[in-house]
Each structure stands twice: as C-alpha cells, then as structure tokens.
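Take a look at the structure below.
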Amino acid sequence: MDLEHLGESLARVRATSPLVHSITNYVTANDCANALLACGASPIMSDDAAEVADITSICGGLVLNIGTLNQRSIEGMRVAGARSAELDHPIVVDPVGAGASALRTRIATELVDTLPVTVVRGNMSEIKAIAGAAASTRGVDAGPDDAITRDNLESSAEFARELAARLHAIIAITGAIDIVADETRVRAITNGVAMMSSITGTGCMLSCLVGAHVIASFDERLDAVVSAVACMGIAGEVARARMDALDGSGSFRIYLIDAICNMDAPTLDRRARVEVL
Amino acid sequence: MDLEHLGESLARVRATSPLVHSITNYVTANDCANALLACGASPIMSDDAAEVADITSICGGLVLNIGTLNQRSIEGMRVAGARSAELDHPIVVDPVGAGASALRTRIATELVDTLPVTVVRGNMSEIKAIAGAAASTRGVDAGPDDAITRDNLESSAEFARELAARLHAIIAITGAIDIVADETRVRAITNGVAMMSSITGTGCMLSCLVGAHVIASFDERLDAVVSAVACMGIAGEVARARMDALDGSGSFRIYLIDAICNMDAPTLDRRARVEVL
Amino acid sequence: MDLEHLGESLARVRATSPLVHSITNYVTANDCANALLACGASPIMSDDAAEVADITSICGGLVLNIGTLNQRSIEGMRVAGARSAELDHPIVVDPVGAGASALRTRIATELVDTLPVTVVRGNMSEIKAIAGAAASTRGVDAGPDDAITRDNLESSAEFARELAARLHAIIAITGAIDIVADETRVRAITNGVAMMSSITGTGCMLSCLVGAHVIASFDERLDAVVSAVACMGIAGEVARARMDALDGSGSFRIYLIDAICNMDAPTLDRRARVEVL
C-alpha cells in the first residue's frame, strides 16, 4: 500500500468490518456510530468503568473523545485504555476542546502520556494544547491564529513531526489543510470544504474513521490515517456539490454520511489530494 | 383485533398518543424520541433515580434500553421498574449488547428476572445471552451464527416460545426474519430490508414503538408487538425504495422516520407479511 | 433596533458568532449544537462541575436546559450559573418538563430564584410550574388546558408580564401563539407550524437561539428574544412548505435546520408576525 492506493485502506475496512469501541461525547455519538457504519465498520459505545474492559476486549481498537468529559467517562477511558494497551489494540485520542478547560487539557495530556496511543487527531489549537504550546483555542474550534495555511505549512508540518516523535504517535491536525505526521514522514491533505465546520461532529466522526482504518491496516498506519482524512474530505466535497438552494447545514450533514457510505476505493484514489512534505 | 387487522394497533397509538418513559442510551435517544413522535406517541427520557418514579407515574409504560449502561442509569432503571410494576404499566426491555459485557448480561438478566416485563426485544445473540444460552454476539449486532433463517426457523420459534413461557413475557427476536412469541403462540414477520442494519438505532427505535403499541393495546399485546415489528419493517422497505443514487445510510435514516410518520393502518394491513408458526 | 428591524438581531449573531455554553439533555444536544451553528453562533456543551467554570468563562453566555437532568448536571448547572453570574453573562433557563417531576420543578425553581437569569423559555405548563401556578403538564409537552389561544391571550400576556416582573427576567412562552414579556412590555409572535411539535427538540433549539441572540444584542434583549422566536417560527414555515408527499417528521427536522441556516435578515423582517400587546 502506498499513497497511490489509499483506496486499499478503505477496502480493508469494508472487508474486515472492524469493531470500534468509542468512549465519546453525547453531542455527536449518533453521528459517530452512523459514520462508522457508513464506512463499513461496527460501532460500540460504552463508557462505564464497570464494563469497558469487557467491551474493548471484543473490539479491534479504541477511540477516546474527550467532548462532554465527566468523572465517569474519565474513569472509563482510563480502564479501557489500560486494557487496550494490554491487548496491543490501536488507540485514537481526540482531544476535543483541549485548551478550553484545565480539565480537558489535563486529561488529554494524561491519555497521550500514559497510553501507547496510535493516533492523536484534533484541530491545531487542541494539538498545541496537548503539546504544551501556546494555543488560541476558541472553545471546540481552532482559534483564528491557529489556521494551517500555505504560509505556515512548513512550520506546522515540523511541529507535527516533532510532536509525533515525542509522543511516539501519528499526529493528525485537521483544518483547511490537514497534516498527518509520524516521526519521519509528513503528508498534507487538501480535500474538504468550508461547510464542514458548519456542522458539529465532523472532527469526532473523522476520529472514528481513523480508528476503523488504523485497525484494518495497522502495519501501514500512516497511510491508513491519510486515507481516513482524505475520505472525510472527499465526502465533504461530494456532499457540498449535492446541495441545492434550499439545502443548508442540516441536509449537508445527511449528505456527508451518505457520501461516506457511498465512497469506494477508486473514487478515493482518484480524488484524494495528498502531498508529501 | 386479529392478524388481519394489525392497522388497528397503529390507529390506537395515534388515537391515544401514549406517553412513553424511556431510559435509554445517549447514542440513539434522539432517534427514539423522534420515532415515538412519528408513530403518534409522546416520549419522555429521564434516567436519574431522583425523578424516574415521578416521571414513570405520569406515563403509560416504560422502555428500558441498556445501551451505554452506567451506574446512574442502572439505579434509574431499578427505581422506575419498581414503580412501573406497582402501577401495572407495560415494561419493555431492550437488552442492547447483552453478551458483550458481563455487566450488560447481568443487568439485562436482573431486569427480566425481577420485573413483570411485558416484552423483551433484541437480536438473537442478545436474547440468547438473557436465556443463558451460548451466543455468538458481535458487540451490539447478532453474531453470524445467530441469524434467523428458514432452516432454523422452527427451532428459533421454539426457543422463543420456551423463553416466553419461562419469563412470562412476549419475546421479540428481530433479524432478517423476525419472531414474536408468547407462551403458546409464535409469529414470524418477514418485512424489512438489509439496509436497516446500516444505521444505528433501528432496534432501539423498534423497542420504543413496541412500547407505544403495547400501551395502546395491552389486552391484545401479542398482536400489538407484531404490529410494531411489521410497521418498522415496512417503514424500512418504504425508505429503501425511496433512495436514489446519491442517497446512502444518512438519507435512509431520515426516510425511515418519514415512513413511520406517514404509515397508516391500511398500508400496514396490506403490506405486513406475518406467518403463524 | 426596534420591531421593524428584527433582522438586525440575526445579523449581529452572524457578525459576532457568540460562543454559547449549553448544559443540556442528551436527547437533543446534537440538534442544539447544529441549530447554534446554523444561526451563526458556536456551541460548547459541557456539564461536569470540574470544568464548567472554565468553559463558561470563555463563552458569551449560558443556556441551562433541564431535560434528562441528573445529579452531575445539576451540580454543573450550579457551578456554571454562579460563574456566569460573576461574569455578568446572559443566562437562559429552559425548564424542560418542569411540573412532570418534583426534581425538575425544584431545580428549575432554584435556578430562576438564585441566578440572575436573563430569559426563561418554556411551554405554558413549564412556565406555570415555575410560577407555582396550577399547570396541566403532559410530560415535556404543554397540557391541553395550557394552550395559548386568542381567547386567553390577554390573561396569558398578563401572567407572563407579572412573572417577568417577579423574576426580573424576560419570559418567553411558546406554543401555537408565542408570548415574550418583560416587566413592562409584551409581544405575541404568530409564526410557526403545528409540525414543529412532531419532532423533539424545537423548544431546546429555540432556547439556544435565544441565548445566541441575547448575547449578541444584550441591550435590546426583549427584541433579541422576539427575533429568535420569530426566526424559529419562520424556519418552521419554510421547512413545512418544502415537504413533499413522502416527507415526514424526519425530513422536516432536517429542513428546519436548513431553514435556520439559510435565514437572512430581510426574510426575518418581512415574514415575522409580531404584535405589541
């Protein structure tokens, strides 16, 4: 598998239908479950410490999303993370709103510091908060000073690569331009449309898709993450193109899940815009 | 009311608009509430032990769904169940993911053993877990060995009937073929489409519809459950037929709720495929 | 700004994109977040006492919705409310289901009695429960005896104005006719369609829109509330007009968010039906 064949990552998800355990926020949990089903995976949501070890044991991997974090789900994340680590399962961390509260920053940092995390996926403000860098978070959105642009692409890429090396994890920073980095390689993905920030949950859904792809193609996990990111961006483009004059963000959200559902490997290969940095 | 007049069950739901108290998971709670409204009932969601007795007292019945089970909702289910029992309200149990964790199996078993449950609705793996039989659960989906087919229909029907006798409850096992059984009677319903397993929540929504139908027609509750199951299956067929080339699971989910909303008694009578086993 | 220029309130929301902290129920949290984004605001949901003071501090205002109330969210509401009060942030209270349980009535009453609430938005049964008046609540819906009609409009308006004076808050009572009152002024808004009560969450979404409008136009907050109420009603009309024969409540819900997304100030000004009482 290489960058010419991102579609293979999607094909593997559909062929293996990985079970993905998500501990996630209640705002976008339904979209996350439906996005996982749309891409060919199977979702299980469970956050109580009394059962998460059982649940994660029957799954292929774990996605930890800290939106609407609470004392129960924090304990659930710790127990599930420890069990996932024992089982060598891929773990994806989505640090929703890291930087927006001391609790979120502390728990996100704890998760990436104590668990053998495979991927961290967030916007630049959230990733900066985890890195201990000054961030300009605007709640759960990236602050305006944290936009990834052509002008700062090189320094953003280097920041991602350095953090990947420090955390021994793939770092996926999504925005107008998406960056995916491991310790030695950095990719930029330029798929996607501005409309994606007009609905809640695109980031949360993407983190789940990343989980599904990484479980299905663990040995080529950098490409698997790139594939998931490109897939979501292309789905956004397809959904946007379908909108008519009366459609707005409500229909766009439905069309986005439709487009994930109807995405096939050749389309993903043909439309993905990936640069090697 | 008999099997020729399933539509009467739906008509009674619309005529009486039963208030249904649901203690349910946060993944599909919105779909459950909207499905209840679409079928003519009124939803109330409430899971805290400090208020569930009050809430269930003003309702016509209770639906307990153990997805995203947690210590708070478990306590809420116990208190609400006890109060519902005192009031002789119908109680529906949906053992989401029973078999997938020891906690879910234990709580599902506790609920059906300690409460005067009217209906248990799940997939075959979940129902087997409750029955203490060996199941091949795949998370919240039935395992492949647990599919109901023409080949095992007779033995599946007998299993359902025996469990119904043991639990003094109607057992509804849904899959490619649906089975509804009480101590002496078994029905098979063959409505529905495969697409229904491409979205999360069809089972959860169905359990809520079952609750609404059973409240509205308690004296003919076997037929009421059959009516709810057929109604959901036909809604799936209507939704599937409406999909165009760009539509996927996102639109299907919306069309499904539309079809529940637009279902009428004559359509239900005409399209229901029910066999007496 | 005056009643001829309600659109200005919407324009200010879009120009300033206020961050709105919502502590809300898990049934409609997704719709609330998407409605806020659709009207031009930014949502943050967070309910744990350990972080709500941080979260609310970076926001422009707070919306407290007591659906699916629980011990954790109650504590979160108290802490967030106290911090919001210190910061002089607008606070909107949505007493979902007040009157349906002693807990909801008590907490709703506590919130409006102890916090410097800017707006209380509910149906007539919920508002009566807060006022300590006899109400005919039907769960989370207004009881039939609590409908606002032409016949009782004058007495309903006087009830709202008196409660506004007592609570030093704007009272918004929504139904077939909506009433918005402060201590001296009362407005009636007659936009909207019956279909809005066929989906869950229109009230919850409206309370969030009210929050966004009041943050953006605090000095003209009565008009801001009227603007949000009219905006939601017009969105309902637009969504209803768009429905075809196969569409039902599922599509209506999507079209409603589309219509909020596509609403512009001239449309709001032209279509708003507001009476000075």
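Residue numbers (the working numbering), protein chains in the order written: chain H, 37 to 313; chain Z, 37 to 313; chain D, 37 to 313. We put the beta carbon where it would ideally sit given N, CA and C, even for glycine. This structure is a prediction, so every number in the text was calculated from the model and none was measured.
Its chain contains Ile225 and Val265 as the residues whose beta carbon lies nearer than 6 Å to that of Asp214 (chain H), once the 5 sequence neighbours on both sides are disregarded; these appear in chain order. For Val265 (chain D), the enclosing alpha helix (DSSP H) has its first and last residue at Arg257 to Arg278.
For the segment 82–122 of chain H, the full-length beta strand (DSSP E) segments reaching 3 residues or more read 97–101 along the chain. DSSP lists Z:Ile209 as the beta-bridge partner residues of Gly158 (chain Z). If the five residues before and after Glu219 (chain D) are omitted, its C-beta is found closer than 8 Å to the C-beta atoms of Arg197, Ala200, Ala201 and His204, all from its own chain and listed in chain order. Per DSSP, the unbroken beta strand (DSSP E) holding Arg223 (chain Z) starts and ends at Val222 to Ile225. When rounded, the separation of the alpha-carbon atoms in Ala271 (chain D) and Ile290 (chain H) is 19 Å. Taking Ala165 (chain H) as the centre and dropping the five residues before and after it, the same chain places the C-beta of Ala134, Gly135, Thr141 and Ala171 closer than 6 Å to its C-beta, in chain order.
Between Ala77 (chain Z) and Ser45 (chain Z), the gap from beta carbon to beta carbon reaches 8 Å or more.
Here the alpha carbon of Arg108 (chain H) sits roughly 27 Å from the alpha carbon of Thr150 (chain Z). Look at Gly179 (chain H): its C-beta is not under 8 Å from any C-beta on chain D.
Assigned with DSSP and collapsed to three states, Ala201 (chain D) falls in helix.
Taking 8 Å as the CB threshold, Val63 (chain Z) lines the interface with chain H.
When H:Pro152, H:Val153 and H:Pro131 are compared, the shortest CA-CA separation from Ala144 (chain H) is found for H:Pro131. Sequence-distant Cβ neighbours of Arg278 (chain H) in its own chain, meaning closer than 6 Å and more than five residues away, are Tyr291.
Around Ser285 (chain H), no beta-carbon contact reaches into chain Z at under 9 Å, the shortest distance being about 13 Å.
The shortest CA-to-CA distance from Ala193 (chain D) to any of D:Val176, D:Gly168 and D:Ile163 is the one to D:Ile163. In this chain, the beta strand (DSSP E) harbouring Leu55 (chain D) covers Leu55 to Ile59. Cα atoms of Gly286 (chain D) and Leu98 (chain Z): separation of roughly 24 Å, rounded to the nearest angstrom. Contact annotation: Gly103 (chain H) and Cys240 (chain H) have beta-carbon atoms nearer than 8 Å. Between Asp130 (chain Z) and chain H, the shortest Cβ-Cβ separation is not below 8 Å.
Secondary structure note for Ala217 (chain H): its beta strand (DSSP E) is the uninterrupted segment Asp214 to Ala217.
Shown here for Asp255 (chain H): not one same chain residue has a beta carbon closer than 8 Å to its own, the five before and five after excluded. With a threshold of 16 other beta carbon atoms within 10 Å, Ser191 (chain H) falls short and is exposed. At least one beta carbon of chain Z lies nearer than 8 Å to the beta carbon of Leu105 (chain D). Taking the C-beta atoms as reference points, Arg276 (chain H) is found nearer than 8 Å to Met231 (chain H). By the criterion of at least three beta-carbon pairs nearer than 8 Å, the segment 181–191 of chain Z is not in contact with the segment 289–308 of chain Z. Against chain H, the beta carbon of Asn66 (chain Z) has neighbours under 7 Å at Asn66, listed in chain order. For a Cβ distance threshold of 9 Å, residue set Ala86, Glu87 and Asp90 of chain D lies close to Ala138 (chain H), ordered along the chain. Its chain contains Leu258 as the residues whose beta carbon lies nearer than 7 Å to that of Arg221 (chain Z), once the 5 sequence neighbours on both sides are disregarded; these appear in chain order.
With 16 or more other Cβ atoms inside 10 Å of its own Cβ, Asp67 (chain D) counts as buried. Ile235 (chain Z) has a beta carbon lying within less than 8 Å of a beta carbon in chain H.
Contact check for Ser120 (chain D) and Cys244 (chain D): beta-carbon distance about 15 Å, past the 8 Å limit, so the pair fails to qualify. Nearest neighbour of Ala71 (chain H) by Cα position, chosen from H:Arg50, H:Leu42, H:Asp83 and H:Gly211, turns out to be H:Arg50.
One alpha carbon belongs to Asp177 (chain H), the other to Asn159 (chain H), and they sit about 7 Å apart.
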